[in-house]
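What follows is one structure encoded as structure tokens, with my remarks underneath.
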Ligand SMILES: Nc1ncnc2c1ncn2[C@@H]1O[C@H](COP(=O)(O)OP(=O)(O)O)[C@@H](O)[C@H]1O
Ligand SMILES: [Mg+2]
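Protein chains in written order, with this note's numbering: chain Z, 3 to 730; chain C, 2 to 235; chain G, 38 to 118; chain U, 38 to 118.
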């Protein structure tokens, strides 16, 4: 191997490695690494790839259930959904790149998560996106919203996968650090899942897709550093997405997967060729020998360092069965994609690369993966917030409702989802706008329900309760359409874990999530961690975004939030204590972010949810909405607006009653004649239930108050986001 | 009745239209031939469908590169012999780029991709594509496009009107209660949503009839377009 | 040899992008901006060394693919150093 | 005065459009075409008569709106006849 100059402390620091980490590298190598090797260690040991701060805690999450085929550790989680089919899904962040270049950052985020899913053999059938932006007043917000939404759409629309739901939040805590979390759900035959463990000494390692350029070199390390004023200079590392090539890659890979040629397959995501090779080799307990010259290159004069660390998009690495190269190549030729045998599997246990036959890096695989640092970072638990005193309503309930519905938090997201093709593939049964999206399992009469959720302000106030609430809300959204919740993926977005209070938020949220997942039989099968989301030492709100899926055994038997008939009774399921701490009401109308988060009682959550799901499955109700941000009155208004049928409501004359955010609650509607029976069944099941109104007319009325027309409510609700975006 | 769907690189509604057509024909999906864009020959068929999607990523101009695909020579030849050709969304863009239909499709006037249900009025029901509808009937059908703004020079437009070449126009629907929607989703000239060639053997439209062919998915107002074709061409 | 092709919309053809740019420039406070038109710039690396042959070949590319002559005009610039 | 702004992707930035055009030119039988890059051409009518002032103003427009300087370069050409 060529001798190179000594690695300097500055180079070590530039690669984001600590002195101790460098010492470990020296002992793993038994000599000084060269620059390419240092680069390889740095990306493999970056927070993004090694999960060094989070691994310890991630292990505490429940990941098993009889229906889980593959939990965390592979490219995505795999769940058995019956009839020989499996759902494969995962969520991932693309936060930093999206702040720097919102369109391309978001677009490549979607591209990356799609690859994680189809690399396992699934055809992607639905995308979701969970977005968090700074305050609407912040100078950058509008530009970021517009770019991110266009980028998510630009990529997903072009590849022809419907984007069926998501979330949008605004909060000043994200001013300098937005969150773009994308989720993909795919469908595969349960006995045709593809994994990444390489095997077969001598087998060809094949590179397919786009050529390698100098894109995103250091992307993985950038994703794990805080922002500061020099961030602007890092811009040229931005990757540009090519959804057209991705579409071809999906088709070509699925075509290849239908043949009997693949031993192992892995997409090239963060840390590109390095990470994919090392993971495939490590999982298979083998070595990889790569010919750098054979890697298809877009630019002249790329160094091995650049080739190995490039994050060019739309590329995959495959280990083929012996003798199948020509068959595979023909498929990629047909789709006009690059195809190259770039190396082979070895029994050396080493990861080696050659340029013109000369070895340019040589690293033992096992320690490269297993000696990677793991930190049990110190953490402190924040003090529980003081309880909230009595709250004086600043205005009457109807004007309060109107203000909430036409504000940044609760206004309609139509402006967003209409820029996403949500009907392509012709299987979208419930579009964005409901609690969970429903996508038909193609060619069958069953469906998948999909939802994403997280309430970061709860997580800040009380990480433990917030983590549990995020899981519970996803479960509730899936339940509200009548589906049986199966499993979740997560995207854990936090600040700098080296600060004990941030680490405390992380630990608290994980504990809460774990508890909820256990109590609800809702295991975590895949996920992603994004740390260092801070600017100038100011961290984002702790945001453990949760994406969940559930199964609907009969497509027709589902519920929707829109009121369907006049004369229905509206029944509130679950106990209402009037919890206003950390509520949207308190925050938006009184400017106070105070008090404890709502209590999450998982036993009650499960009992109430199972009861509601039973009613839907039994055909007793077809109209249901879960209660979340904004509480009871907001949920009731959403049902009325969606169905274009009015509501007359009665209840306590108390802001907490109408706007409190107590958990484990649903609103259901059904013809009056069935109401008594449902109330009786609830009583028998120990589930609190009470009639709070009935449907009809064109207005929303609170007992004894002035009615408001649905048209007027809808006007403000629909107008806020488009008006905001227009008045830039 | 034999129907063929052309698959371009980046087509993404090919399966959707295959399923809907097969349903209209009353067969399984393999009742519909899927033809690869690179094929230089295509068996004689009764109906050629150019599906929606982002062929070639919509790069350069949407439809431009596909219109120059090898198979398009065959499509043009069969179209000249009177074989029915239906272009949906990206298929419509390809047909204008290939010169089988007049005009061009420009970026939506608000520059944003739009996916939602729109209403269209049937302007000419005297064609194999539309004979199952009444003239003046309003359909509710989804659109999903970025480049749907139909444009044609004024004198050519006048000629098209005279020849009854306007197939559909965007209009308001009485069940349209969603806020902030204009009837015309993309700024198309004369609210045009779909056009015929002079002989009414070629139709291009931006809305997706195949996404409105199944009550569970997006309504059924588009189904009659496919079934009327099937019965007219049987 | 390098070729640069400028493609612009014909007069009378609507240009939604140009119009939006004009509007936004106005909103950003730029004054005195009249019509704005957005076109394309395509740069090609050609093996061909002979200018006349190169021009002919690029013209053919424009007619066949690069421009939609129903709505667009094009001009070709060759750069032979 | 008229201004023409040429916007092209920075070196090394992937150009999916250019790539697809290059591929299609090849499919169409054009030989000897190397790299293809697609950029934008923006033409502006300006009230400003002074070339220096016009250039300054167009530069500001590029920085603020016309170019995405994260991935694009621009050049300005003024035409004052
Ligand atoms: N970024 C987005 N993309 C697509 N759909 C979205 C997005 N943000 C919100 N939505 C949709 O808007 C609706 C309301 O969202 P949200 O208030 O978060 O629902 P919930 O309170 O039931 O979780 C949901 O159907 C959701 O899928
Ligand atoms: Mg909900």
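Where a beta carbon is used, it is the ideal one built from N, C-alpha and C, also for glycine.
Treat the numbers as computed from the prediction; the structure is a model and nothing was measured.
task = Within its chain, find whatever has a CB closer than 6 Å to the CB of residue 660 of chain Z; leave out the 5 residues flanking it on each side and keep chain order.
result = Excluding positions up to five away in sequence, the list reads 399, 634 and 635.
inquiry  = Please classify residue 108 of chain Z as buried or exposed, where buried requires at least 16 other C-beta atoms within 10 Å of its C-beta.
reply    = Classification of residue 108 of chain Z: buried, given that the 10 Å Cβ count is 16 or more.
query = How is residue 479 of chain Z classed by DSSP in three states: helix, strand or coil?
reply = Here DSSP, grouped into helix, strand and coil, assigns residue 479 of chain Z to helix.
request  = Check whether the Cβ atoms of residue 13 of chain C and residue 54 of chain C sit closer than 8 Å, and answer yes or no.
outcome  = Yes.
request  = Have a look at residue 115 of chain C and residue 631 of chain Z and give me their C-alpha separation to the nearest angstrom.
outcome  = Roughly 28 Å separates the two Cα atoms.
request  = May I ask you to verify whether the segment 50 to 61 of chain G touches the segment 74 to 94 of chain G, counting CB pairs closer than 8 Å and requiring at least 3?
outcome  = Enough Cβ pairs lie closer than 8 Å, so yes.
Simplified DSSP state of residue 685 of chain Z, which is helix, strand or coil = Under the three-state reduction of DSSP, residue 685 of chain Z is assigned to helix.
request  = Could you tell me which residues DSSP pairs with residue 45 of chain U in its beta bridges?
outcome  = For residue 45 of chain U, which the question treats as bridged, DSSP gives the partners U:110.
message = Suppose you measure from the CA of residue 553 of chain Z to the CA of residue 116 of chain Z; what does that come to, to the nearest Å?
response = Going by the C-alpha atoms only, they are around 21 Å apart.
query = Counting only runs that start and end within the segment 236 to 285 of chain Z, where is the beta strand (DSSP E) found for 3 or more residues in a row?
reply = Complete beta strand (DSSP E) runs here, min 3: 264 to 269.
request  = Anything in chain U within Cβ reach of residue 69 of chain C, meaning under 7 Å, just list it in chain order.
outcome  = What residue 69 of chain C touches in chain U: 61 and 65.
task = Give me the Cα-Cα distance between residue 225 of chain Z and residue 45 of chain Z, rounded to the nearest whole angstrom.
result = Here the model assigns residue 225 of chain Z a pLDDT of 47, short of 50, so the residue's position is not dependable and the matter cannot be decided.
request  = Answer with yes or no whether the minimum CB distance from residue 93 of chain G to chain A is below 8 Å.
outcome  = You won't find chain A in this structure, because its protein chains are Z, C, G and U.
ask   = Is residue 236 of chain Z close to chain U, meaning its C-beta is less than 8 Å from at least one C-beta of that chain?
value = Low confidence applies to residue 236 of chain Z: its pLDDT is 41, below 50, so where it sits in the model is not reliable enough to give any reading.
task = May I ask you to verify whether the segment 516 to 535 of chain Z touches the segment 493 to 508 of chain Z, counting CB pairs closer than 8 Å and requiring at least 3?
result = By the Cβ test, the segment 516 to 535 of chain Z is in contact with the segment 493 to 508 of chain Z, since at least three Cβ pairs between them sit closer than 8 Å.
inquiry  = In this structure, how does DSSP classify residue 543 of chain Z when only helix, strand and coil are distinguished?
reply    = Three-state DSSP puts residue 543 of chain Z in coil, outside helix and strand.
inquiry  = Closest to residue 462 of chain Z by C-alpha separation, out of Z:383, Z:483 and Z:244, would be which residue?
reply    = Of the listed residues, the one whose Cα sits closest to residue 462 of chain Z is Z:383.
query = Among Z:614, Z:11 and Z:676, which residue has its Cα nearest to the Cα of residue 687 of chain Z?
reply = Residue Z:614 is the option with its Cα nearest to residue 687 of chain Z.
ask   = If you draw a straight line from the C-alpha of residue 38 of chain G to the C-alpha of residue 150 of chain Z, how long is it?
value = If you draw a straight line from the Cα of residue 38 of chain G to the Cα of residue 150 of chain Z, it is about 38 Å long.
request  = List the whole-angstrom C-beta distance separating residue 525 of chain Z from residue 66 of chain Z, where the pair is believed to meet the contact cut-off of C-beta under 8 Å.
outcome  = Right, the Cβ-Cβ distance comes to about 6 Å (below 8 Å), so this counts as a contact.
ask   = residue 118 of chain Z and residue 269 of chain Z: beta carbons closer than 8 Å?
value = Residue 269 of chain Z is positioned such that its CB atom lies closer than 8 Å to that of residue 118 of chain Z.
ask   = Around the C-beta of residue 194 of chain Z, are 16 or more other C-beta atoms found within 10 angstroms, so that it is buried, or is it exposed?
value = It is exposed - the Cβ of residue 194 of chain Z has fewer than 16 other Cβ atoms within 10 Å.
key: Cβ-Cβ separation, residue 570 of chain Z to residue 673 of chain Z (assumed contact under 8 Å), whole Å   = Contact holds; Cβ gap of about 6 Å.
ask   = Can you tell me whether residue 356 of chain Z is buried or exposed, with buried defined as 16 or more other CB within 10 angstroms of its CB?
value = Burial call: buried.
key: Neighbour flag for residue 99 of chain C against chain G, beta carbons, 8 Å   = Chain G places no beta carbon closer than 8 Å to that of residue 99 of chain C, leaving this residue out of the contacts.
message = Please identify, using Cβ separations under 9 Å, the residues of the segment 242 to 257 of chain Z that lie next to chain U, in order along the chain.
response = Answer in chain order: 242, 243, 244, 245, 246 and 247.
Min CB distance residue 97 of chain U to chain Z below 8 Å = For residue 97 of chain U, the closest Cβ of chain Z is not nearer than 8 Å.
request  = Give the secondary structure of residue 560 of chain Z by DSSP, where H, G and I count as helix, E and B as strand, and everything else as coil.
outcome  = It is coil, neither helix nor strand.
query = Is it true that the CB of residue 30 of chain Z sits closer than 8 Å to the CB of residue 373 of chain Z?
reply = Judged by beta-carbon spacing, residue 30 of chain Z lies within the 8 Å limit of residue 373 of chain Z, meaning their Cβ atoms are closer than that value.
task = Tell me, please, whether the CB atom of residue 184 of chain C is closer than 8 Å to any CB atom in chain G?
result = False, the Cβ-Cβ gap to chain G never drops below 8 Å.
query = So residue 189 of chain Z is in the beta strand (DSSP E); what residue range does that whole segment cover?
reply = Per DSSP, the continuous beta strand (DSSP E) segment holding residue 189 of chain Z begins and ends at 181 to 191.
ask   = Taking residue 445 of chain Z as the reference, which of Z:700, Z:430, Z:488 and Z:452 has the closest Cα?
value = The shortest C-alpha separation from residue 445 of chain Z is found at Z:430.
request  = Go ahead and label residue 125 of chain Z buried or exposed: buried means 16 or more other beta carbons lie within 10 angstroms of its beta carbon, across all protein chains shown.
outcome  = That one is buried.
query = Where are the beta strand (DSSP E) runs, 3 residues long or more, that stay fully inside the segment 318 to 358 of chain Z, in chain order?
reply = Listed in chain order, they are 340 to 348 and 352 to 357.
request  = Taking only the alpha-carbon atoms, compute the straight-line gap between residue 85 of chain Z and residue 71 of chain U and give it to the nearest angstrom.
outcome  = Taking the straight line joining both Cα atoms gives about 51 Å.
key: For residue 642 of chain Z and residue 693 of chain Z, the rounded distance between their alpha carbons   = Straight-line Cα distance between these residues: approximately 16 Å.
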